[in-house]
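Right, one structure below, let's go through it.
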Ligand code: SF4
Ligand code: SF4
Ligand code: SF4
Ligand SMILES: [Fe+2]
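Residue numbers (my numbering), protein chains in the order written: chain A, 171 to 620; chain B, 168 to 482.
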């Protein structure tokens with residue numbers, strides 16, 4: 171008998187989704203869908219708003235990565251008004267953005283994903299979560315809660331609000347950093363860097379080694395990758411740089427954020443509110459077929475680790491070398507997103523320290539002169555969940571007259587659908603499935619951290 | 168064993184959930200001892216349709232305390248909210264989306280169909296795309312606050328709410344007592360200097376940084392409304408103050424009212440226009456008056472601008 175399994179809600183992810191697995195008469199997978207359930211209309215309701223207000227409206231797109239939207243938006247408004255932020259303003263923004271990556275990675279790896287590995291994919295749902303981790307590994311859990319809190323509170327104290335920030339402003343930043351603030355942030359970030367290094371060791375020894383077989387297999391697909399790299403040396407960048415679109419064979423093209431329309435397009439399926447971004451410039455259309463996908467590339471941690479030539483900070487670079495020796499470039503295994511995430515955790519800490527040690531960081535000139543006017547600006551940053559693009563047009567009053575947003579997760583919607591299908595078809599055979607098996611299908615989604 | 172608790176997010180951005188995690192040191196004992204969490208999509212894997220997805224009706228386990236975040240934007244949100252009401256003894260609406268619509272209720276100022284069509288025909292979208300309608304929840308006619316749809320026992324606004332107050336409310340609910348919450352305005356928690364009417368008569372857009380001496384505490388900075396900026400402190404309920412001042416003011420940025428009106432059914436737009444006038448500022452100089460309601464557009468406050476119908480067509 172045909173049947174549909176509705177895994178809803180997909181849990182321990184940041185957004186709203188459900189998985190529908192359609193089984194045929196023999197109980198084998200006919201098709202699968204990752205339905206994206208929410209549509210809120212930000213692109214439309216920011217129309218008419220004064221552009222300088224928009225960075226503190228669009229941060230509400232996501233409370234997990236509000237800094238990313240806040241700053242991509244500020245960059246877009248800079249562009250529309252034709253202002254260049256002062257060097258100090260620019261670096262203060264970057265520092266906040268990179269620091270926000272630190273918390274995000276701790277949250278995702280330890281609070282959302284780790285229970286599958288620490289408690290096991292088949293553990294009962296009532297304990298397969300952070301509460302269960304507190305009981306199973308109390309010291310680790312306490313440390314994790316403390317480190318995430320430290321990162322959040324450092325940002326909150328310096329910038330007023332860690333969630334739904336307001337301190338990034340068109341032209342730069344709202345306030346300079348005092349020397350005492352700098353010292354405190356530096357000390358806190360050192361602690362986070364130590365924790366980051368510990369976290370990677372922990373994961374290599376206790377997670378990746380133990381689950382190597384499922385890492386090679388679960389949700390595995392073959393795609394291209396997109397991510398930001400330094401304009402000069404091709405190293406990993408999160409706040410500013412050029413974009414690099416890589417094919418699965420490793421060849422790539424580089425382009426500037428404001429040329430995105432020539433390289434990527436958005437495909438719409440009737441069963442998901444989220445659009446599916448694909449590589450238009452490959453001129454092969456859009457197809458999620460597992461054997462021969464067309465136009466499909468991925469973003470987020472694994473993509474960035476794959477497209478960059480190197481990492482500019484020493485500890486993260488060493489980790490990248492180890493990673494590449496084991497998995498090559500580009501690495502395709504979906505569960506390696508977690509590994510790549512922890513390499514980025516280390517980069518984010520090291521980069522924050524680098525910025526705090528820059529002599530101009532406590533400079534007083536934090537905001538350039540701004541005049542609202544008509545124009546267009548494209549702001550791009552790397553959000554934890556992928557390349558984030560805000561594209562605004564303003565009218566002569568400096569109010570938004572048109573907006574196009576491409577949110578990190580949307581690039582990964584098609585690949586996630588493919589990984590779900592791959593996992594479900596591998597695990598479900600002749601009508602046999604269990605809670606643990608279905609959780610492994612969800613684990614394929616969780617790796618992408620949507 | 169702690170008090171059974173179910174968490175749900177409707178049209179939420181997850182910021183309220185992160186604010187819960189930001190409670191800090193007490194978080195571990197809160198989620199493992201004070202509370203016994205039985206359902207919470209962001210943290211645990213309890214499913215609506217049974218753990219193997221074979222059920223047909225959406226079910227959430229019974230709980231003493233229910234916490235919902237986000238406003239009600241579509242039919243699934245409504246179904247989940249109604250199920251939460253049915254299964255939870257006391258229901259807390261957490262965050263300004265849940266209490267007043269929040270930012271997503273800005274959509275209430277737009278024509279919905281036209282907007283959806285616009286979203287699916289942007290420059291980067293493949294031509295010919297249609298609004299998805301298969302197995303995705305259809306939108307309601309507008310964005311609602313939770314109390315417009317079901318009875319809510321307690322409200323804690325904030326975008327996001329202050330973790331300290333979340334802690335207080337949750338513990339109070341678990342202990343069955345009334346929580347202690349601030350009832351005044353953001354200004355009442357703001358230590359900036361007030362010297363009387365300012366020198367400007369027009370509201371300034373926030374395109375230059377406010378005036379302050381770097382490195383000095385905020386009580387040495389002049390009130391931002393008096394500096395001529397639209398600071399919504401007077402018309403916004405207190406709650407965001409941490410470390411001795413309102414959150415945005417401590418970042419030297421004017422308040423935009425994210426905790427919602429001072430009285431629960433107050434109107435931030437009307438109150439703000441009065442407030443500007445009494446500070447000697449011309450309310451007509453506010454560039455975009457509708458966005459004064461950006462956090463409290465539910466309850467019918469924000470509506471689409473009526474289009475002028477061509478003359479001669481209507482009788
Ligand atoms: S109230 Fe704010 S933080 Fe909470 S869900 Fe709404 S937008 Fe997010
Ligand atoms: S108007 Fe703003 S700056 Fe002035 S007292 Fe109120 S909150 Fe503070
Ligand atoms: S100052 Fe106003 S906008 Fe800022 S957090 Fe407080 S209530 Fe919200
Ligand atoms: Fe996000």
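Built from N, CA and C at the ideal position, the CB exists for glycine as well.
Judging by CA-CA distance, which residue of the options is the nearest neighbour of residue i?
i	options	result
residue 373/B	477/A, 371/A, 343/A, 386/A	343/A
residue 256/B	181/B, 318/B, 240/B	318/B
residue 401/B	415/B, 418/B, 422/B, 386/B	422/B
residue 218/B	516/A, 237/A, 177/A, 216/A	177/A
residue 182/B	263/B, 249/B, 221/B	263/B
residue 171/A	584/A, 418/A, 390/A, 195/A	195/A
residue 569/A	202/A, 215/A, 188/A	215/A
residue 180/B	274/A, 236/A, 190/A	236/A
residue 334/B	175/B, 187/B, 388/B	187/B
residue 427/B	417/B, 407/B, 440/B, 443/B	407/B
residue 462/B	440/B, 327/B, 444/B	327/B
residue 196/B	339/B, 210/B, 169/B	169/B
residue 247/B	439/B, 177/B, 433/B	177/B
residue 261/B	357/B, 472/B, 340/B, 383/B	340/B
Should residue i and residue j be called a contact, given that it needs their Cβ atoms to be closer than 9 angstroms?
i	j	result
residue 198/A	residue 619/A	no
residue 458/B	residue 227/A	yes
residue 573/A	residue 581/A	no
residue 347/A	residue 328/A	yes
residue 379/B	residue 419/B	yes
residue 489/A	residue 370/A	yes
residue 190/A	residue 175/A	yes
residue 288/B	residue 330/A	no
residue 408/A	residue 268/A	yes
residue 403/B	residue 370/B	no
residue 265/B	residue 312/B	yes
residue 365/B	residue 393/B	yes
residue 464/B	residue 329/B	no
residue 611/A	residue 597/A	yes
residue 241/B	residue 346/B	no
residue 548/A	residue 246/A	yes
Classify residue i as helix, strand or coil using the three-state DSSP reduction.
i	result
residue 203/A	strand
residue 472/B	coil
residue 150/A	No statement about residue 150/A is possible, as the shown extent of chain A runs from 171 to 620 and does not include it.
residue 389/B	strand
residue 356/B	helix
residue 432/A	helix
residue 408/A	coil
residue 289/A	coil
residue 374/B	coil
residue 452/A	helix
residue 438/A	coil
residue 271/A	helix
residue 603/A	coil
residue 303/A	helix
residue 332/A	coil
residue 312/A	helix
residue 396/B	strand
Got a sec: does ligand 6 put a non-hydrogen atom nearer than 8 angstroms to the Cβ of residue i?
i	result
residue 263/B	Here the bound small molecules are ligand 1, ligand 2, ligand 3 and ligand 4; ligand 6 is not part of this structure.
Sequence ranges, beta strand (DSSP E) only - wholly within the region 354-404 of chain A, length at least 3: The qualifying runs are 394-399.
Beta strand (DSSP E) segments (min. 3 residues) lying fully within the region 245-297 of chain B: Counting whole runs of 3 or more residues, the region 245-297 of chain B contains the beta strand (DSSP E) stretches 255-261.
Runs of alpha helix (DSSP H) lying entirely within the region 457-518 of chain A, each at least 4 residues, in chain order: Whole alpha helix (DSSP H) segments, 4+ residues: 471-477, 484-497.
Given 8 angstroms, three or more beta-carbon pairs between the region 549-567 of chain A and the region 240-247 of chain A: Touching, yes.
Beta strand (DSSP E) runs wholly inside the region 191-243 of chain B, at least 3 long, in chain order: Here the runs fully enclosed are 202-206, 230-236, 239-241.
Meets three-Cβ-pair contact criterion under 8 angstroms: the region 601-609 of chain A and the region 233-241 of chain B: Counting C-beta pairs with one atom in each stretch, the region 601-609 of chain A and the region 233-241 of chain B have fewer than three that are closer than 8 angstroms, which means they do not touch.
Inter-stretch contact at 8 angstroms, needing at least 3 Cβ pairs: the region 525-544 of chain A / the region 243-257 of chain A: Yes: at least three Cβ pairs fall under 8 angstroms.
Sequence ranges, beta strand (DSSP E) only - wholly within the region 218-251 of chain A, length at least 3: Segments of the beta strand (DSSP E) lying fully in the region 218-251 of chain A: there are none.
Beta strand (DSSP E) segments (min. 3 residues) lying fully within the region 538-584 of chain A: Runs of the beta strand (DSSP E) inside the region 538-584 of chain A: 545-553, 556-564, 570-576.
Entirely enclosed alpha helix (DSSP H) segments - the region 409-465 of chain B, minimum 4 residues: Taken in chain order, the complete alpha helix (DSSP H) segments of 4 or more residues contained in the region 409-465 of chain B are 414-417, 435-445.
Three or more C-beta pairs below 8 angstroms linking the region 499-508 of chain A and the region 426-433 of chain A: At 8 angstroms Cβ cutoff, the stretches do not touch.
contact_flag[the region 454-472 of chain A, the region 389-396 of chain A] where n(CB pairs < 8 angstroms) is 3 or more: Result yes; three or more Cβ-Cβ pairs closer than 8 angstroms.
Every unbroken beta strand (DSSP E) inside the region 302-342 of chain B [3 residues or more]: Counting whole runs of 3 or more residues, the region 302-342 of chain B contains the beta strand (DSSP E) stretches 306-311, 321-323.
At least 3 beta-carbon pairs within less than 8 angstroms: the region 437-457 of chain A vs the region 351-363 of chain A: In short, these stretches do not touch, since the Cβ pair count stays below three.
Validate contact between the region 480-489 of chain A and the region 511-521 of chain A using beta carbons, cut 8 angstroms, 3 pairs: A contact is defined here as three or more CB-CB pairs under 8 angstroms, and the region 480-489 of chain A meets this definition with respect to the region 511-521 of chain A.
Cβ contact (3+ pairs, closer than 8 angstroms) linking the region 526-534 of chain A and the region 375-389 of chain A: By the C-beta criterion, the region 526-534 of chain A is judged not to be in contact with the region 375-389 of chain A, since fewer than 3 inter-stretch pairs fall below 8 angstroms.
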